[in-house]
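Residue numbers (the working numbering): 514 to 721.
Idealized CB from N, CA, C, for every residue including glycine.
None of the values given here were measured: they were computed from a predicted structure.
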Amino acid sequence: MSEIHRRDALKLIGLMAAAPTFSFSCTTQEPSESDAASQVATQPAADYERQFFTDHEFETVRVLSDLVIPADERSGSATDAGVPRFMDFVMTDEQLGGREAMEQRQTAMRGGLAWLDYQCRERFDALFVDCTEAQRRELLDLIAWPEDAPPDMEAGVEFFNSFRDLTASGFFSSRMGMEDVQYQGNTYVEEWTGCPDAVHEHIGLEEA
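See below:
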């Protein structure tokens, strides 16, 4: 990171501290808005044109989101589900709370990504994406649990909390995420015979 980039990062971090954290919950948006964001995530990566993130920021988002939701035996990672593209859409959609809210999201996101790079540069002399897996986790361990975080990590805690929520929103509103939790909503049932006995027993209810 050159000195001018270092100064730019510090400026962004300063702006981030003054901006509210970003958030996005499908439950608080009009269906058409949340559906649009989810549809972006399903587009083939080659067909999607980024609207907000730089190449470096997008790679940072990809790496960080995959640390939040990695691939496992049930499903792919956040990137596999299209979460980075989902985030890029959320950063530029003025319908999600209006222009002021959009600009606040952008400032908080861009400042948070710069904060990660700044912290990694100070600790490991490398940008976040260039750090080892162990180094990335060492930094995230300082901000993942708010009650245990050092006071000087407050900005990072707020950023990571919001980023983690946004990652989950993107993943679990995607087809992959719905399959991961075995969501079976909107399925036609010819005849409803009531809750299965096994479920009654599991939750400790007895038939009337």
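Exercise. Thinking just about the alpha-carbon of each residue, which of CYS633, LEU626 and SER578 is nearest to the one in ASP678?
Worked result: When each option's Cα is compared against that of ASP678, the closest is SER578.
Exercise. If you draw a straight line from the C-alpha of GLU635 to the C-alpha of GLU651, how long is it?
Worked result: In a straight line, the C-alpha of GLU635 is about 13 Å away from that of GLU651.
Problem set entry | Reduced DSSP category for VAL670 - H, G, I as helix; E, B as strand; rest coil | In this structure, VAL670 counts as helix in the three-state DSSP scheme.
Exercise. If you drop the 5 nearest sequence neighbours on each side, which residues of the same chain put their C-beta closer than 7 Å to that of ILE656?
Worked result: For ILE656, where only same-chain residues beyond five positions count, the Cβ hits under 7 Å are ALA662, MET666, GLY669, VAL670 and PHE673.
Exercise. Would DSSP call PHE641 helix, strand or coil?
Worked result: DSSP places PHE641 in helix when its eight states are reduced to three.
Problem set entry | Member of ALA711, THR592 and GLU586 whose CA lies at the smallest distance from the CA of LEU580 | Scanning ALA711, THR592 and GLU586 for the CA closest to the CA of LEU580 turns up THR592.
Problem set entry | Neighbour-count burial assignment, ARG598, 16 or more Cβ in a 10 Å radius | Its Cβ being crowded by 16 or more others within 10 Å, ARG598 is buried.
For this session: Could you spell out the range, first to last residue, of the alpha helix (DSSP H) harbouring ILE716?
Result: Taken as a continuous stretch (DSSP letters only), the alpha helix (DSSP H) holding ILE716 covers 710-716.
Problem set entry | Distance, VAL642 Cα to ASP630 Cα | Between ASP630 and VAL642, the alpha-carbon positions lie close to 8 Å from each other.
Problem set entry | GLN648 (DSSP reduced to helix, strand or coil) | When DSSP states are grouped into helix, strand and coil, GLN648 belongs to the helix group.
For this session: Have a look at ALA594, SER687 and MET615 and flag the residue whose alpha-carbon is nearest the alpha-carbon of VAL603.
Result: That would be MET615, whose Cα lies nearest to the Cα of VAL603.
Problem set entry | Under the three-state DSSP convention, the category THR567 falls into | THR567 falls in the coil class under three-state DSSP.
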